[in-house]
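Quick notes on the structure that follows.
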Amino acid sequence: MIYLDHAAATPVGSRVLEAMEPYFLRDFFNPSAAYLPAKKVAADYEKAKGSIAHAIGAKTSDIIITAGATEANNLAFTSLALDGSCLYLTIEHDSVRKIAEQHNGQGIKVLSNGVIDLDDLKTKITDSTELISVALVNNEIGVIQPLAEIAAIIREIKIDRLKRGIKKQLLLHSDASQALNLLDINVARLGTDLLTLNAAKVYGPKGVGALYVSHDARLKPLTYGGGQENGLRSGTENVPSVIGFAKAVELAKEHLNGNRKKYASWRKILLSELQGYELINKKHVLDNFVVLCYNGLDAERLIYLLEDREVYVSTGAACAASKGQKSHVLKAIGLSDEQIAGSLRLTFGEANNEEQIHEAAQIINEVVTNEKRRLGR
Ligand code: PLP
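Residues 445 to 821 in my numbering are what the sequence shown spells out, letter by letter.
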């Protein structure tokens, strides 16, 4: 099998699994319990949270553990006051788009390369804007957004609001689900007040994530109960998953530069060996994302034909693809319906090696050639 869909899911690393195992069997105690073995589990849990926090330049108390990125993104929006409004990038993942729509959020446009249109952002911020959500890396095209630049614009607006006596908060949230793998994230450098992380995209377990919350952000709880996670998300801690998450983050940090170089070289190989495609994501992209368009072909059919050859790719976000929806991301960057219908997303990762990249290019070329022949093109 050649798995080229790491943006959808990453396999759990063997060292991650190893780190998690004792917490299922031996150290299974509820961290809130009063006896000594439980206190050790509570300490290990806090330490794991601390190392996740440290990896993004934050403190343990700034991190709220969630059941994945969807929940973390939703939690960020509880910062909105009843009369507050929000903005989000039109190409955001549905877990941001749908919650923003619940709060009458307005979409910020992107340029044809997928990068935020800063002029559109500036015109859409009003005195009632409280939250702006922009993912660091887009999950369909891998485009990296200039968060520090966005944060600088927000800072200026905050200064202007202060001068005019407007006390409304203005927060920047970023979904960094796809970024943790290959970018060195630091919340202070990026200037974000809220930041979503996702273990499932970084060779950690599924169903666990985190929200970084700066001191400026005031959130309402997502769940009510025992008061865990600073009272914002009550419920017994998912200790094994958080231990695994911390290990996964540590390993990602260790291999950041090596992996980026490796994926950049694989991207070059793939693009030089593939034939008859149009490259959709050219600039400002994470090195493991390749989005190709085979104009006039049906990408859904190509996916099934490639699956027959044991090459796994996707058309975009896995959740949208399974519902047969057209990609809102490819639409937002100005692709025609025909281009969208012919677009494939390939994402490299640790399940690959260089030989597989050559092999995948050859198989994709064969499948595309056969398909063109079948259609008489
Ligand atoms: N945000 C982005 C950018 C993603 O890629 C994903 C997963 O595909 C999510 C949020 C949702 O993550 P989860 O399904 O783990 O909650």
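For each residue, glycine too, the CB sits at the ideal point set by N, CA and C.
Open item on the list: If contact is defined by three or more beta carbon pairs under 8 angstroms, each pair taking one atom from either stretch, is the segment 654-665 in contact with the segment 501-510?
Closed with: Look at the beta carbons and you see the segment 501-510 touching the segment 654-665: at least three pairs across the two are nearer than 8 angstroms.
Open item on the list: Can you find the residues in the same chain that come closer than 8 angstroms, C-beta to C-beta, to Y668, ignoring five residues on each side of it along the sequence?
Closed with: Same-chain partners within the cutoff: S678.
Task: A502 beta carbon near the ligand PLP (any heavy atom closer than 7 angstroms) - done: Look at A502: its beta carbon is at least 7 angstroms from all of the heavy atoms in the ligand PLP.
Open item on the list: Using the three-state DSSP reduction, which class does R677 fall into: helix, strand or coil?
Closed with: Here R677 carries a strand assignment [DSSP, helix/strand/coil].
- [ ] Grab the span of the alpha helix (DSSP H) containing L480 for me, first residue to last.
- [x] Looking at the DSSP string, the run of the alpha helix (DSSP H) that includes L480 is L480 to A499.
TODO: Determine the contact status of I598 and L531, defining contact as a CB-CB distance below 8 angstroms.
DONE: Against a cut-off of 8 angstroms, the Cβ pair of L531 and I598 comes out as no contact.
Task: Y756 versus K697, A795 and A776, residue with shortest Cα-Cα distance - done: The shortest C-alpha separation from Y756 is found at A795.
Task: Alpha-carbon spacing of F473 relative to R459, whole angstroms - done: Separation of F473 and R459 (C-alpha to C-alpha, rounded to the nearest whole angstrom) is 22 angstroms.
Open item on the list: What residue range does the alpha helix (DSSP H) around N809 cover?
Closed with: Per DSSP, N809 belongs to the alpha helix (DSSP H) from E798 to R818.
Open item on the list: DSSP three-state label for A620, please.
Closed with: Correct three-state label for A620: coil.
- [ ] Report, in whole angstroms, the separation of the C-beta atoms of I594 and V581, which I expect to be a contact under 8 angstroms.
- [x] Your pair I594 and V581 does not check out as a contact, with CB atoms roughly 14 angstroms apart and the cut at 8 angstroms.
TODO: Please name the residue, chosen from N797, D619, K691 and Y467, that lies closest to Y647 on a Cα-to-Cα basis.
DONE: When only C-alpha atoms are compared, the closest one is K691.
Task: Beta-carbon proximity of A644 to T454, cut-off 8 angstroms - done: Less than 8 angstroms divides the Cβ of A644 from the Cβ of T454.
- [ ] Reducing DSSP to helix, strand and coil, say where G609 ends up.
- [x] Under the three-state reduction of DSSP, G609 is assigned to coil, being neither helix nor strand.
Open item on the list: I want to check one thing, is the minimum distance from the CB of Q622 to the heavy atoms of the ligand PLP below 7 angstroms?
Closed with: Answer for Q622: yes, Cβ within range of the ligand PLP.
TODO: Quick one: using the 10 Å Cβ neighbour count with 16 as the cut-off for buried, is Y479 buried or exposed?
DONE: Label assigned to Y479: exposed.
TODO: Following the continuous beta strand (DSSP E) through R789, name the residue where it begins and the one where it ends.
DONE: From DSSP, the beta strand (DSSP E) with R789 extends over S787 to T791.
Open item on the list: Let me confirm a value: A477 is counted as buried when at least 16 other C-beta atoms fall within 10 Å, else exposed. Which label applies?
Closed with: So A477 counts as exposed.
TODO: Could you name each continuous beta strand (DSSP E) segment of 3 residues or more that falls completely within the segment 694-758, going from the start of the chain to the end?
DONE: Here the runs fully enclosed are 733-737.
Open item on the list: With distance defined between alpha-carbon atoms, name the residue in Q719, L695, L718 and G778 nearest to I496.
Closed with: That would be L695, whose Cα lies nearest to the Cα of I496.
Open item on the list: Any contact between the segment 536-551 and the segment 614-623? By contact I mean 3 or more CB pairs, one from each, below 8 angstroms.
Closed with: Counting Cβ pairs under 8 angstroms, three or more are found: they touch.
Open item on the list: Just to confirm my understanding: we take K697, look at its own chain, exclude 5 residues before and 5 after, and list those with CB closer than 8 angstroms. What are they?
Closed with: Cβ within range, chain order: A499 and D628.
Task: Residues bridged to A451 (per DSSP) - done: Answer is none; A451 lacks a bridge partner.
Task: G793 CB to nearest heavy atom of the ligand PLP below 7 angstroms - done: No, the Cβ of G793 stays beyond 7 angstroms of every heavy atom of the ligand PLP.
Open item on the list: Cutting at 6 angstroms between CB atoms, please list the residues of its own chain near G501, excluding the five before and the five after it.
Closed with: If we look at G501 and ignore the five residues flanking it on each side, its Cβ neighbours are N630, V631 and A632.
TODO: Indicate the three-state DSSP secondary structure (helix, strand or coil) for N642 in the structure shown.
DONE: Taken through DSSP and simplified to helix, strand or coil, N642 comes out as strand.
Open item on the list: Since L626 and R704 should fall inside the 8 angstroms C-beta cutoff, what is the C-beta to C-beta distance between them, to a whole number of angstroms?
Closed with: A Cβ-Cβ distance of about 5 angstroms is found for the pair L626 and R704, placing them in contact under the 8 angstroms criterion.
TODO: Return yes when the Cβ of E717 is within less than 8 angstroms of the Cβ of A805, no when it is not.
DONE: Closer than 8 angstroms, so yes.
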